[in-house]
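Undergrad: One structure is given below, represented as structure tokens, and several questions about it will come after.
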Amino acid sequence: MRNTLIRKGLLVCIIWILPGGALMAQTQQICLLAEAEQRIVFEQNISGFEPQPLRYLKDTVVFEIPAQASADSLYLKLLRHFQQRSYLQVSLDSTSRGLQFHAGPAMEWIQLQHGAGLERAERWLKNELPRKSIMGKPFRFDQVLTWQTRMLEQAENNGYPFARVWLDSVQINESGQISAVLALDPGKYFVYKGIKINGDARLPTHFLPNYLGLRAGMPYSRAGVLRLRRQLQSLLFVEATANPAVTFSSEPNLPRGEATVQVFLKKKRASRFDFIIGVLPQPNSNDGPLLVTGSLSAAFQNALNLGERFSAELERLRPETQKMDVQAGVPYLFGTSFGAEGRLGIFRRDSTWTDAQGDLGVSYWLPGANTFRFFWENKNSTLQTVDTLAVLNTRRLPENLDYRQNGFGLEVQFAALDYRFNPRKGWLLWVKGVAGFNVVRQNNQITSLSDPDEPGFSFASLYDSITGRAARYRLECRNEWYVPVLVRSTIKFSLRAGGIFSNKTIFNNENFRLGGNKLLRGFDEESLFMTRFVVATAEYRLLLGQNSFLSAFADYGYMENISGQNRLYLRPLGIGAGLNFETKAGIFGISAAVGRRDPGQTLNIRATKFHLGYVSLF
């Protein structure tokens, strides 16, 4: 619509207000003429428009806008508003009385045909095309633009980066009915040729195509290219120095072209050494010497340029209680999506018992390091000392027993985080399940016992009720959600749960070991032995840098121990705060937390647990 049509004959009313005695224009009132049927159309379609009319007179619509605002901008907004609502011929006409609103007829569809290009691409466009009959439906620009945008996105993500979409053969009859042809020219078909690494990063040729999901011969996808930067950020051992680029090449006599993805990567220090020191009050005394715990770990990433990972961790949870974990894995074996992983863990509970647990599995890698892992697990628990006097007096087996477990399991991890190591938004899901059998092994310290008062009693008979194989099912899961708040903050919500299930007795040394800096902060390291648990976490983080943040957190859980003769149910709570900050020398961390086992207890500030940590990259 020509601007001259909305400038001639302008009727404007100005309200003057006198604050403090000074004459100053605060608002202006804009009046449009809308008579009879035109006013009805105006009122029926003005919802959602800002600003809303101030009032309606007999044949006039009055708007109020700031004094400094342009009346022309209001008119243009009105024209666009009604055009989006099927009134394509809306106008503001100049008359001797002022500016006259005329809506014109409401346009509606009489026919929309699919062009030849759409029929060829119907397989991947089937969810974007209008399927229901649109005859008699209002014609709306935004709806047509939505169709075109979605069709272009589908074309760009299915090998047609140069597709075009338009309305062809548009016809409008005197009644305002529209017929058109929705046309698509897909252009040439393109597939990935490969990924070219620019920089000093060294990786196997098959690593990035599998990790990024851009294998040679796959259809070009614009969405796949756009998420490259975020996916590359999750790799510890490389750093992107520039945004990825795509080079298209095509021969006129060939039916398809090729797209080469250029990534700009430099080698990054990823192998690390770190330690954590815990300073805790003695479990049963607030006045005794402090208990110092420690954890040392090292991890080597891509040391052999295979994308492999090897890690080892040694923990001293309390005097004479140690824990060791070793893990190794190689992804994308022989250029496939399959990898191999193995784990070994040893836990020594002072002089009471020792656990040895290992698993070996095959992993299937999806793009972005999302994985499925199938594995075989073996676990042995051996008692070191037995309270033989208690066994003699009660003629009952202790809560901890020697056993051997074998089973098969499935582990799944999916994540969609903006930055894997200090996320601001996104989610993570991890689930692990194991099904197997448990076999109790007789302990010689128990079977060799003899009661002087009843020499004929065989203590080996205490094992009669638990001999044979017993089915065991173990399930664990972890969910995390990161919700961005303001510009540099996020709130982390986490849910951790696990359970051991069996129709036979579950022994105390089979239970999950909970508490400490990794789960349920404010408690001694792995001091709670539980058969089933749920722990919910809420944590506020103020992000100070890529790997730095200040946090305040609360952990709340429900736990039960149903092994042995007595049942134990807890509802623990832990609260605290922490700080992680990155320097050139490494990442330093400090946290403080205090906990209570049940709602009836109070939080003892004197029992606060402190943890100091340091991570060095090399």
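Under numbering that gives the first Met the number 0, the first residue of the sequence shown is numbered 0, with each subsequent residue one higher. For glycine and all other residues, C-beta sits at the position ideal for the given N, C-alpha and C.
1) Would you say the segment 405 to 415 touches the segment 446 to 464, given that touching needs at least three Cβ pairs under 8 angstroms?
2) If we ignore side chains and look at the alpha-carbon of each, how far apart do serine 310 and alanine 297 end up?
3) Are there 16 or more other CB atoms within 10 angstroms of the CB of threonine 370, so buried, or fewer, so exposed?
4) Can you give me the start and stop residues for the beta strand (DSSP E) that phenylalanine 189 sits inside?
5) Just to confirm my understanding: we take tyrosine 462, look at its own chain, exclude 5 residues before and 5 after, and list those with CB closer than 6 angstroms. What are they?
6) According to DSSP, what are the bridge partners of tryptophan 108?
7) Please look up how many angstroms separate the CB atoms of aspartate 199 and lysine 266, rounded, as I've assumed it's under 8 angstroms.
8) According to the neighbour-count rule (16 or more other Cβ atoms, all chains shown, within 10 Å of its Cβ), is asparagine 603 buried or exposed?
9) Are alanine 66 and glutamine 25 closer than 8 angstroms when you measure CB to CB?
10) Comparing C-alpha positions only, which one of Tyr481, Leu78, Ser526 sits nearest to glutamate 538?
11) Could you tell me which of Ser493, Ser488, Thr489 sits nearest to cysteine 476, measuring between CA atoms?
12) Jot down the residue ranges of each uninterrupted beta strand (DSSP E) in the segment 26 to 114, minimum 3 residues, whole runs only, in chain order.
13) Exposed or buried, glycine 216, counting other C-beta atoms within 10 Å across all chains shown (16 or more means buried)?
14) Judging by CA-CA distance, which residue of Ser380, Leu542, Phe609 is the nearest neighbour of serine 488?
15) Using three-state DSSP, classify valine 169 as helix, strand or coil.
16) When the Cα atoms are used, what is the spatial distance from alanine 102 to leucine 213?
17) So the candidates are Lys517, Ser447, Asn377; which of them puts its Cα closest to the Cα of leucine 316?
18) Mapping the DSSP letters down to three states, classify proline 631 as helix, strand or coil.
19) Starting from the Cα of alanine 368, find the closest Cα among Leu73, Arg394, Gly328 and give me that residue.
20) Helix or strand or just coil, what does DSSP make of arginine 623?
21) In chain order, which continuous runs of the beta strand (DSSP E) of length 3 or greater are located wholly inside the segment 487 to 574?
22) By alpha-carbon positions, which one of Gly293, Lys57, Asn301, Asp324 ends up nearest to proline 318?
23) For glutamine 383, tell me which candidate among Phe346, Lys503, Gln176 has the shortest Cα-Cα distance.
24) Excluding sequence positions up to five away, which residues of its chain have a Cβ less than 6 angstroms from the Cβ of serine 362?
25) Would the segment 524 to 535 count as touching the segment 494 to 501 if we require 3 or more Cβ pairs under 8 angstroms?
26) Can you check DSSP and say which residues form a bridge with glycine 406?
27) Less than 8 angstroms between the beta carbons of leucine 231 and valine 224, yes or no?
28) If we ignore side chains and look at the alpha-carbon of each, how far apart do arginine 683 and phenylalanine 522 end up?
29) Could you tell me the distance, in whole angstroms, from the CA atom of valine 11 to the CA atom of isoleucine 171?
30) Since isoleucine 196 contacts leucine 264 with CB under 8 angstroms, what's their CB separation in whole angstroms?
31) Where does histidine 610 sit, in a helix, a strand or coil, going by DSSP?
32) In terms of alpha-carbon separation, which member of His610, Met323, Ser562, Glu152 lies closest to asparagine 579?
33) Going by the beta-carbon positions, is the gap between glutamine 83 and arginine 139 smaller than 8 angstroms?
34) Measure the Cβ-Cβ separation of valine 439 and glycine 406 and say whether it is below 8 angstroms.
35) Measure the Cβ-Cβ separation of alanine 208 and leucine 305 and say whether it is below 8 angstroms.
36) Going by alpha carbons, who is nearest to isoleucine 64 out of Lys57, Leu56, Lys76, Pro50?
TA: Let's see:
1) no
2) Stepping through the sequence shown from its first residue, residue 310 is reached at position 311. Stepping through the sequence shown from its first residue, residue 297 is reached at position 298. Distance between the alpha carbons of serine 310 and alanine 297 is about 6 angstroms.
3) Taking the sequence shown and counting its residues from 1, one reaches residue 370 at position 371. Flag for threonine 370 reads buried.
4) As a first step, residue 189 must be located in the sequence shown, where it is residue number 190. It spans 188 to 197 - the beta strand (DSSP E) in which phenylalanine 189 sits, taken as one unbroken run.
5) Residue mapping note: residue 462 aligns to position 463 of the sequence shown, counting from 1. These residues qualify, in order along the chain: Gln441.
6) In the sequence shown, counting from the first residue as 1, residue 108 sits at position 109. Partner(s): Ile177.
7) As a working mapping, residue 199 is identified with position 200 in the sequence shown. As a working mapping, residue 266 is identified with position 267 in the sequence shown. Confirmed, Cβ separation roughly 5 angstroms.
8) In the sequence shown, the residue the question calls residue 603 occupies position 604. With fewer than 16 Cβ atoms within 10 Å of its Cβ, asparagine 603 is classed as exposed.
9) By 1-based counting over the sequence shown, the position of residue 66 is 67. By 1-based counting over the sequence shown, the position of residue 25 is 26. In this structure, glutamine 25 lies closer than 8 angstroms to alanine 66 by Cβ.
10) As a working mapping, residue 538 is identified with position 539 in the sequence shown. Per the Cα distances, Tyr481.
11) As a first step, residue 476 is located in the sequence shown; it is residue number 477 there, counting from the start. It is Ser493 whose Cα lies nearest to the Cα of cysteine 476.
12) 59 to 65, 90 to 93, 98 to 101, 107 to 113
13) Within the sequence shown, numbered from 1, the residue matching residue 216 stands at position 217. Glycine 216 comes out exposed.
14) Within the sequence shown, numbered from 1, the residue matching residue 488 stands at position 489. Checking every option, the nearest Cα to that of serine 488 belongs to Leu542.
15) Locating residue 169 in the sequence shown gives position 170, counting from the first residue. Of the three classes helix, strand and coil, the one that applies to valine 169 here is strand, per DSSP.
16) Taking the first residue of the sequence shown as 1, we reach residue 102 at position 103. Taking the first residue of the sequence shown as 1, we reach residue 213 at position 214. Distance between the alpha carbons of alanine 102 and leucine 213: 52 angstroms.
17) On the sequence shown, position 317 is the one that residue 316 refers to. Cα-wise, what sits closest to leucine 316 is Lys517.
18) There is simply no residue 631 to check, as the chain begins at 0 and stops at 617 in what is shown.
19) To locate residue 368, count along the sequence shown from 1; it is residue 369. The option with the nearest alpha carbon to alanine 368 is Gly328.
20) As shown, the chain starts at 0 and ends at 617. That puts residue 623 outside it, with no answer to give.
21) 488 to 500, 511 to 513, 527 to 529, 531 to 544, 547 to 560, 567 to 569
22) Walking along the sequence shown from the start, residue 318 turns up at place 319. The residue with the shortest Cα to Cα distance from proline 318 is Gly293.
23) Here residue 383 refers to the residue found at position 384 of the sequence shown. Here the closest residue by C-alpha is Phe346.
24) For the purposes of this step, residue 362 is taken as residue 363 along the sequence shown, with counting starting at 1. So the qualifying residues of the chain are Gly338, Glu340, Thr370, Arg372.
25) yes
26) On the sequence shown, residue 406 is found 407 positions in, with the first residue counted as 1. DSSP, once it has assigned bridges, lists Glu376, Gly435 as partnering glycine 406.
27) Here residue 231 corresponds to residue number 232 of the sequence shown, with the count starting at 1. Here residue 224 corresponds to residue number 225 of the sequence shown, with the count starting at 1. Result no, Cβ atoms of leucine 231 and valine 224 do not sit closer than 8 angstroms.
28) As displayed, the chain neither begins before 0 nor continues past 617, which places residue 683 out of reach and without an answer.
29) One-based indexing of the sequence shown puts residue 11 at position 12. One-based indexing of the sequence shown puts residue 171 at position 172. Summary for valine 11: the model assigns pLDDT 40, below 50, so the residue's position carries little reliability; its value from the coordinates is reported in the next sentence. If you take the alpha carbons of valine 11 and isoleucine 171, they lie about 36 angstroms apart.
30) Within the sequence shown, numbered from 1, the residue matching residue 196 stands at position 197. Within the sequence shown, numbered from 1, the residue matching residue 264 stands at position 265. About 6 angstroms separates the two Cβ atoms, so the contact holds.
31) Translated into the one-based positions of the sequence shown, residue 610 becomes position 611. Strand at histidine 610.
32) Here residue 579 refers to the residue found at position 580 of the sequence shown. The residue with the shortest Cα to Cα distance from asparagine 579 is His610.
33) Translated into positions along the sequence shown, residue 83 becomes position 84. Translated into positions along the sequence shown, residue 139 becomes position 140. Yes. Within cutoff.
34) By one-based count along the sequence shown, residue 439 stands at place 440. By one-based count along the sequence shown, residue 406 stands at place 407. Contact: no.
35) Sequence index remark: in the sequence shown, residue 208 carries index 209 (1-based). Sequence index remark: in the sequence shown, residue 305 carries index 306 (1-based). The question names alanine, but residue 208 is proline in the sequence shown. No. Outside cutoff.
36) Taking the sequence shown and counting its residues from 1, one reaches residue 64 at position 65. The shortest Cα separation from isoleucine 64 among Lys57, Leu56, Lys76, Pro50 belongs to Pro50.
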